[in-house]
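Okay, so here's the structure we're looking at.
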């Protein structure tokens, strides 16, 4: 019953400005798929093209191999949850949820049954007769969700549904949304600019920037093996360093100044295609937890500026010999916080760090198969 | 994806309505103003005739004198009134507010005739002054009388605009200024006045245009002092030497002036406009000592003087008269017997019927037009937006003359029908309804409609089932205010009416002209009571003492 969505080479133009130019994407049946990117990257535009509020100036969008470009919104059978919920303020909770069913001329008895069921799923059955003004933000959110899924849409679309909630409710609601989505098994496209939210709820994430998809993959893959510098800094935090690589037996040797790191994860073919032989300049992305701090031995010279103790981990803010500032996260050991102004050596975990071409556009790491929690096989990126 | 849909059809139908009843008649007026009736040749004789003779152009000068004085006085009374009522705790301030609104809602010429009763040649106060001081005060006619009536009639508008702006002024602005070293006087001049300036200007323009185009007041109390609208009326409707083409030229002149003022105000409003929403509005404080005395005296004094014409009219409506003009000194209900219960009386019924018809059309068209222009922007709806705003700057008498010229003969003859009066009322009120409806729409998020469409409703159905119900409470509240202004409309009805389509205001005017003050008072009282009841319904519906007109 779940459908796939096939976005093929779509184009969106506003007057003269082209916002999306030839974007392609495949969304699997019953998948929780997230469009993630900074504001203005075109993610909401794409979502509104899928539901039909935005026209499509080129390419096609298919739902289960049926082109939907010219089907009007009210015939597409897609449910949408809006950023501001868009609850009809003049209707009770029941009437809000029943609106789509009445539109479909469902018999009254069946409407009562379906609405009661769905309100139980979203856990607001007791609020059936309330008016929207009497509901909290989280409750309104649940009404919006119930209203969108009670019509058994082929696709559920959500446009930053949690951005109007406070932090605590946001975590609670994102778990609720994830659970309900799994329960209903509906193909879902979710838009957000909050990377933590995306990592928490998604089966797969498409990271967008300037109307272009940067990478598609599972949350874990995108975090651990970002496709380029933008993804590595937008998802989580990365310290960006400059270095060079050189062939070293079967693998490569990464030089960060005087500090030499043997690397086994680099893709020889990609390196050859990009830089040939000899010293190849590269951009290195090191996440704070991929550094280790040592008092002596080899490593990058750095001085501790200050530290923040957060219980599970300790964050160090350091300045390297060349003046660049870096952030390091280490597990908190008993009684061992390094005092400020202490000179230290930073080493990297070679297997975990990412190496990009010098311009940061392309990863030089061997591309392994994506780890998908729900199904086997790779993705289509 | 462009195909003719239901919205395009609506837009075109409404456009045709406005082309037929606004654009065509106004073009006809413009055409008549520059064409010789016999030779059909282009001529500017009418304009040179006007500017060539002092008898004519002095009316324009008079109008400007009266209007500027009245607008300034209205601002001088209205501005402190709003400020005092917002900043000090005044007992019964809620009722003072209602009284001010009521005094504004009655037609200005009723004020004129009431003041004649008080300060006219044989006025009550005049006689009192003359007997006490032994002087021969001739009553206030002419310039002073007109300015008195207009100022008192217009200050409520300034009051309402400024009061609305003060409500949106966050008290933290005042506190910030105080912490930065401003004293009370400096806070008013440097913080509050600049912030309410856009509203003051908007209110002043409205006052200016109302006063400039009102003809009932100068007609009654002006005597020798002739203003421009009086000239237009006499040239078009007068008993001697009427000249339609000359009247048309006068209409063109007055439209050019109001158009200029309109754009001037727009420019100024753009220059100073601030987006304000008060999280913590100003709280009225308890006044102390002489401050208290002064504040109370001022507020109650102004409210009393503003209500005086209404009280006079209601009082005199219960006095027995001989021949309508001479009071016997006894109380009686004879004025009501002669008006309310007379057999041939149709004006009360007409007032209600025309008003209701017009209000229904205004509400339906207003919702549609504001929705089209706000939510379906296109070249056509842009044209519609401009066109429907146009009547805002057309004085009522000009619209009346234009409609009468346009539909007096030819294929579509409407003159003398009820329809033409309903159409003129509709057109006159449309811009106000559209503006308030647009404001209501702008507060409804587009995603509410999108939600309905995504759930399977067609665009028109989502408009009907979601937008209209959400807009309706606000629009209905606006409709009540429109209703009150429609039933007190005179300037276009006086031109369009015939004996069978006479309305209350026309009847009052006619009775005053005939010096039948008793009947006029009875009619006025009926009109005032209707306004008050409508206003109370409005307050009940909106739970709000703030009126926007």
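Chains as they are written, first to last, in our numbering: chain A, 1 to 381; chain B, 382 to 930.
Don't be surprised by glycine CBs; every beta carbon is placed ideally from N, CA and C.
Just so it is clear, the structure is predicted and the values come from calculations on it, not from any experiment.
Closer than 8 Å to chain B by CB, residue i
{"i": "residue 139/A", "result": "no"}
{"i": "residue 361/A", "result": "no"}
{"i": "residue 90/A", "result": "yes"}
{"i": "residue 324/A", "result": "no"}
{"i": "residue 100/A", "result": "yes"}
{"i": "residue 84/A", "result": "yes"}
{"i": "residue 27/A", "result": "no"}
{"i": "residue 7/A", "result": "no"}
{"i": "residue 147/A", "result": "yes"}
{"i": "residue 338/A", "result": "no"}
{"i": "residue 180/A", "result": "no"}
{"i": "residue 20/A", "result": "no"}
{"i": "residue 151/A", "result": "yes"}
Cβ-Cβ separation, residue j to residue i (assumed contact under 8 Å), whole Å
{"i": "residue 141/A", "j": "residue 223/A", "result": "About 27 Å separates the two Cβ atoms, so there is no contact after all."}
{"i": "residue 833/B", "j": "residue 356/A", "result": "Their Cβ separation, rounded to whole angstroms, is 47 Å, which puts residue 833/B and residue 356/A out of contact at 8 Å."}
{"i": "residue 746/B", "j": "residue 663/B", "result": "Between residue 663/B and residue 746/B the Cβ distance is about 38 Å, and since that is not below 8 Å, they are no contact."}
{"i": "residue 199/A", "j": "residue 270/A", "result": "At roughly 26 Å, the Cβ-Cβ gap does not stay under 8 Å, so residue 199/A and residue 270/A are not in contact."}
{"i": "residue 163/A", "j": "residue 32/A", "result": "Not really, about 18 Å apart at Cβ, beyond 8 Å."}
{"i": "residue 731/B", "j": "residue 839/B", "result": "Contact flag wrong, Cβ pair sits at about 41 Å."}
{"i": "residue 29/A", "j": "residue 2/A", "result": "4 Å"}
Buried versus exposed, by CB contacts within 10 Å (16 or more), residue i
{"i": "residue 465/B", "result": "buried"}
{"i": "residue 60/A", "result": "exposed"}
{"i": "residue 735/B", "result": "buried"}
{"i": "residue 249/A", "result": "exposed"}
{"i": "residue 410/B", "result": "buried"}
{"i": "residue 594/B", "result": "buried"}
{"i": "residue 43/A", "result": "buried"}
{"i": "residue 763/B", "result": "exposed"}
{"i": "residue 556/B", "result": "exposed"}
{"i": "residue 302/A", "result": "buried"}
{"i": "residue 648/B", "result": "exposed"}
{"i": "residue 846/B", "result": "buried"}
{"i": "residue 107/A", "result": "exposed"}
{"i": "residue 314/A", "result": "buried"}
{"i": "residue 409/A", "result": "Not covered by the structure: residue 409/A. The range shown for chain A is 1 to 381."}
{"i": "residue 776/B", "result": "buried"}
Cβ of residue i within 8 Å of any chain A Cβ
{"i": "residue 383/B", "result": "Low confidence applies here, because residue 383/B scores a pLDDT of 48, under 50, leaving its location unreliable and the question unanswered by this model."}
{"i": "residue 673/B", "result": "no"}
Residues within the region 51-80 of chain A neighbouring chain B, beta-carbon criterion of under 9 Å: In summary, the residues of the region 51-80 of chain A whose CB is separated from some CB of chain B by less than 9 Å are 51, 52, 53, 55, 70, 72, 73, 74, 75, 76, 77, 78, 79 and 80, in the order they occur in the chain.
Interfacial residues, the region 832-862 of chain B to chain A, with Cβ spacing under 9 Å: Along the region 832-862 of chain B, going in chain order, the ones with a CB nearer than 9 Å to a CB of chain A are 832, 833, 834, 835, 836, 837, 838, 839, 840, 842, 843, 846, 847, 850, 851, 853 and 854.
Members of the region 814-832 of chain B that neighbour chain A once the beta carbon cut-off is set at 7 Å: Listed in sequence order: 826, 828, 829, 831 and 832.
Short-range partners of chain B found in the region 207-219 of chain A, where Cβ spacing is below 9 Å: Per Cβ criterion, the list is empty.
Contact set between the region 103-132 of chain A and chain B, restricted to residues whose Cβ is under 9 Å from the partner: Taking 9 Å as the cut-off between beta carbons, the residues of the region 103-132 of chain A near chain B are 103 and 104, in sequence order.
The region 857-868 of chain B / the region 110-119 of chain A touching (three or more Cβ pairs under 8 Å): No, because fewer than three Cβ pairs between the region 857-868 of chain B and the region 110-119 of chain A fall closer than 8 Å, the two stretches do not touch.
The region 790-810 of chain B / the region 878-893 of chain B touching (three or more Cβ pairs under 8 Å): Taking one beta carbon from each stretch, the region 790-810 of chain B and the region 878-893 of chain B have 3 or more pairs nearer than 8 Å; the two touch.
Three or more C-beta pairs below 8 Å linking the region 894-905 of chain B and the region 706-717 of chain B: Verdict: yes, contact present.
Cβ pair count under 8 Å reaching 3, the region 678-698 of chain B against the region 490-499 of chain B: The region 678-698 of chain B vs the region 490-499 of chain B: in contact.
At least three beta-carbon pairs within less than 8 Å, the region 19-29 of chain A to the region 71-80 of chain A: No, they do not touch.
Sufficient close CB pairs (3 or more, under 8 Å) joining the region 556-572 of chain B to the region 523-541 of chain B: Because the criterion of three Cβ pairs below 8 Å is not met, the region 556-572 of chain B and the region 523-541 of chain B do not touch.
Three CB pairs or more closer than 8 Å across the region 446-456 of chain B and the region 581-588 of chain B: Flag = yes, the region 446-456 of chain B and the region 581-588 of chain B touch.
Inter-stretch contact at 8 Å, needing at least 3 Cβ pairs: the region 317-336 of chain A / the region 288-297 of chain A: Contact holds: three or more Cβ-Cβ distances are below 8 Å.
Contact the region 564-575 of chain B vs the region 441-450 of chain B: 3+ CB pairs below 8 Å: Touching, no, given that fewer than three Cβ pairs across the two stretches are closer than 8 Å.
Inter-stretch contact at 8 Å, needing at least 3 Cβ pairs: the region 747-758 of chain B / the region 598-614 of chain B: Touching, no.
Stretch-stretch touch, CB-based, cutoff 8 Å, three pairs: the region 753-760 of chain B with the region 814-827 of chain B: With the cut-off at 8 Å, the region 753-760 of chain B and the region 814-827 of chain B touch.
Validate contact between the region 474-484 of chain B and the region 671-690 of chain B using beta carbons, cut 8 Å, 3 pairs: With the cut-off at 8 Å, the region 474-484 of chain B and the region 671-690 of chain B touch.
Cβ pair count under 8 Å reaching 3, the region 280-288 of chain A against the region 235-252 of chain A: These segments touch.
The region 152-160 of chain A in contact with the region 182-192 of chain A per 3-pair CB rule at 8 Å: Under the three-pair Cβ rule at 8 Å, the region 152-160 of chain A counts as touching the region 182-192 of chain A.
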